[in-house]
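Structure, as structure tokens:
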Amino acid sequence: MKICMIGTGYVGLVSGTCFAELGNHVICADINTIKIKKLNKCSIPIYEPGLEELVKRNFKQGRLKFSSDISSSIKYSDIIFICVGTPTNKKTNTANLKYVFNVTNTIKNNLNKYKVIVTKSTVPVTTGDKIEKILDIKKNKNKFDVISNPEFLREGEAIRDFMYPDRVVVGTSSKKPNNIMKNLYLPIIKNKSRYFNTSRRASELIKYASNAFLATKITYINEMANLCEKSNIDVKDVATGMGFDERIGDRFLRAGPGYGGSCFPKDTRALVSTAKKFKTNLSIVKSVIKSNDNRNKILMSRIDKIMSNNLKNKKISFLGVTFKAGTDDMRESPALNIIPSLVKKGATINYYDPSGKKNIFKSKKIKFSKNIKDACSNSDLLIIHSEWNEFKQLNFKKLVKRKNFKVFDMRNLYSPDKMKKSSIKYFGIGR
Ligand code: NAD
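Heads up, the sequence shown is in the numbering used here, so the first residue is 44 and it goes up one at a time.
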């Protein structure tokens, strides 16, 4: 099939490359000409394990192309995936759909033959209806179908998630586009994934309802962690004990810094706004947002306590600044709040992240180190912020030269007992 991904970001690039790997002819299109130029030299703009190899193979074999000519890419293709961003509209907390509608207008001007137009971007309920309206369904009947096919991949695991998804959700009430999508996903569905065809609006909501539920699970265990800290219980034991119950499951029950990234924060906000539009009160999701927003404050007061309220001139090593391991994505990472707050209180930061230096930190008091050793050698406090594998087996006593250094493990990667035996002043979350 001839496919066009409009928007070559985390979702467009990964899913486009995977569709090419499955034997389709794919154009990944983007208005960012620098990105496209780089991709045409097989230089990958994001950190995603395994992606470079897959891009190179499919590019060389001619199934994967990159273009900034959006109109020609649309004309060439039978299936158009809209994969542009849907960030929060800061004034209203709604999803900003201007990129989606810009693309829709370009599609409208290039409807040269029948096309399936798919929203892969996370879009609020009724966005499909609006796209259909812009495309003038009355005038252009039989020239297109607008359907929803939300993406569930996780950064850091994106290729595996795309190739072996738990489910493929396709929202359409029309047979023709449903059959086309079923065919497209056939090699993946064969890998035991479930193909679920539902209404377009249900499909749109499934994505938000799923993300809000996962955000709730994270926030729930984070609040339990707060209670555990006060009652001398290890939250890891609580999560394990809860997780044995198959109705609950142990995934997303790991206490840590609040949830961040490019999806959960914006999607929970957008879901609440959608509900408001439909005059419904999603009080649980609202509380989750509030609790998660408050998480940075709780972590800061914990750090204050660990350092006896004296952060002035303290050297803090920060391991991992992205919102989680396996990605270079800094969007809404808790580190973006915690690091500046530490600096404000007089600390200097040496950070190391396996995905590289982050230009977002402008202060001279925040320095990037090229390796863990350089970041930690002079440390008063070592903070583990994201759970990269290379942070899991550290010999703290060899790493840090200072005598009375402390470790704050925000991901509970280490055993408090072992740390105690090694006389390391170690603090975790909810323990
Ligand atoms: P991104 O910001 O990484 O990429 C979006 C791309 O769209 C950018 O490269 C941008 O230049 C391009 N773009 C913007 N306007 C365009 C236009 N008119 N024509 C062509 N290209 C245009 O975004 P992302 O993280 O890939 O997310 C895309 C969507 O997928 C969002 O709705 C997001 O919620 C959803 N999603 C993201 C993830 C994830 O892990 N990142 C997972 C599932 C779903």
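Glycine included, every Cβ here is placed at the ideal spot set by N, Cα and C.
Heavy atom of ligand 3 within 7 Å of residue i beta-carbon
i: VAL213; result: Of the ligands one can find in the structure shown, namely ligand 1, none is ligand 3.
Beta-carbon proximity check, residue i vs residue j, cutoff 8 Å
i: THR129; j: ASN139; result: yes
i: PRO193; j: VAL212; result: yes
i: ILE122; j: ILE46; result: yes
i: VAL364; j: TYR394; result: yes
i: ILE79; j: SER115; result: no
i: ILE415; j: GLU430; result: no
i: PHE451; j: ILE341; result: no
i: SER40; j: SER398; result: Not covered by the structure: residue 40. The range shown for the chain is 44 to 474.
i: SER120; j: LYS158; result: yes
i: MET285; j: ILE291; result: yes
i: PRO377; j: ASN339; result: yes
i: SER305; j: ARG197; result: no
i: LEU94; j: THR60; result: yes
i: LEU456; j: LYS435; result: yes
i: ASP310; j: TYR251; result: yes
i: VAL57; j: PHE205; result: yes
i: ALA418; j: LEU379; result: no
i: GLY303; j: GLU247; result: no
i: ASN185; j: LEU154; result: no
i: PRO230; j: LEU65; result: yes
Residues bridged to residue i (per DSSP)
i: PHE195; result: PHE195 pairs with nothing; no bridge assigned.
i: TYR395; result: LEU362
i: LYS468; result: LYS449
i: GLY214; result: SER191, THR241
i: HIS428; result: None, per the DSSP bridge assignment.
i: CYS47; result: ILE70, ILE123
i: ILE160; result: ILE123, VAL189
i: ILE409; result: ILE392
i: THR137; result: ASN132
Residue nearest to residue i in terms of C-alpha spacing, selected from the options
i: GLU200; options: VAL54, ILE70, VAL281; result: VAL54
i: LEU424; options: LEU456, MET373, SER351; result: SER351
i: THR259; options: CYS271, LYS218, LYS118, GLY301; result: GLY301
i: PHE102; options: THR162, SER86, LYS320; result: SER86
i: ARG474; options: SER274, GLU175, GLY303; result: SER274
i: ILE261; options: VAL328, ILE232, PRO220, ASN324; result: VAL328
i: ILE77; options: ARG106, ASP112, GLY59; result: ASP112
i: SER217; options: TYR228, CYS126, VAL189, PRO208; result: VAL189
i: ILE409; options: ASP417, SER420, ALA390; result: ALA390
i: LEU296; options: ASP280, THR311, GLY303; result: ASP280
i: LYS118; options: ARG100, CYS126, ASN152; result: ASN152
i: ARG106; options: SER458, CYS126, CYS71, ASN75; result: CYS71
i: LEU270; options: PHE62, LEU65, ILE472; result: ILE472
i: THR370; options: ASP347, ILE392, LYS401; result: LYS401
i: ASP347; options: LYS319, LYS99, ASN337, ILE381; result: ILE381
Residue i versus residue j - alpha carbon distance
i: LYS333; j: PHE256; result: 15 Å
i: ASN145; j: ASN132; result: 16 Å
i: THR51; j: VAL278; result: 40 Å
i: ALA298; j: ALA268; result: 6 Å
i: PHE187; j: ASN67; result: 20 Å
i: LYS156; j: VAL143; result: 21 Å
i: ILE160; j: ARG294; result: 34 Å
i: LYS368; j: ASP179; result: Here the sequence assigns Ala to residue 368, which means Lys is not the residue at that position. When rounded, the distance between both Cα atoms is 44 Å.
i: VAL386; j: ILE202; result: 37 Å
i: MET462; j: ARG454; result: 15 Å
i: LYS449; j: LYS468; result: 5 Å
i: PHE124; j: MET48; result: 5 Å
i: ARG237; j: THR165; result: 20 Å
i: ARG345; j: PRO459; result: 17 Å
i: ARG445; j: ILE89; result: 36 Å
i: ILE177; j: ASN221; result: 22 Å
i: LYS357; j: SER242; result: 56 Å
i: SER326; j: GLN104; result: 51 Å
i: ARG244; j: ILE174; result: 13 Å
i: LEU314; j: SER330; result: 13 Å
i: ILE249; j: ASP372; result: 24 Å
Minimum Cβ-Cβ distance from residue i to chain C less than 8 Å
i: THR262; result: Checking the listed chains, one finds no chain C in this structure; it contains a single protein chain.
Assigned secondary structure, residue i (DSSP; H/G/I helix, E/B strand, else coil)
i: LYS108; result: strand
i: THR165; result: coil
i: PHE295; result: coil
i: ALA72; result: strand
i: ALA368; result: coil
i: THR311; result: helix
i: THR317; result: helix
i: VAL54; result: helix
i: TYR457; result: coil
i: THR323; result: coil
i: SER86; result: coil
i: VAL98; result: helix
i: LEU342; result: helix
i: PHE144; result: helix
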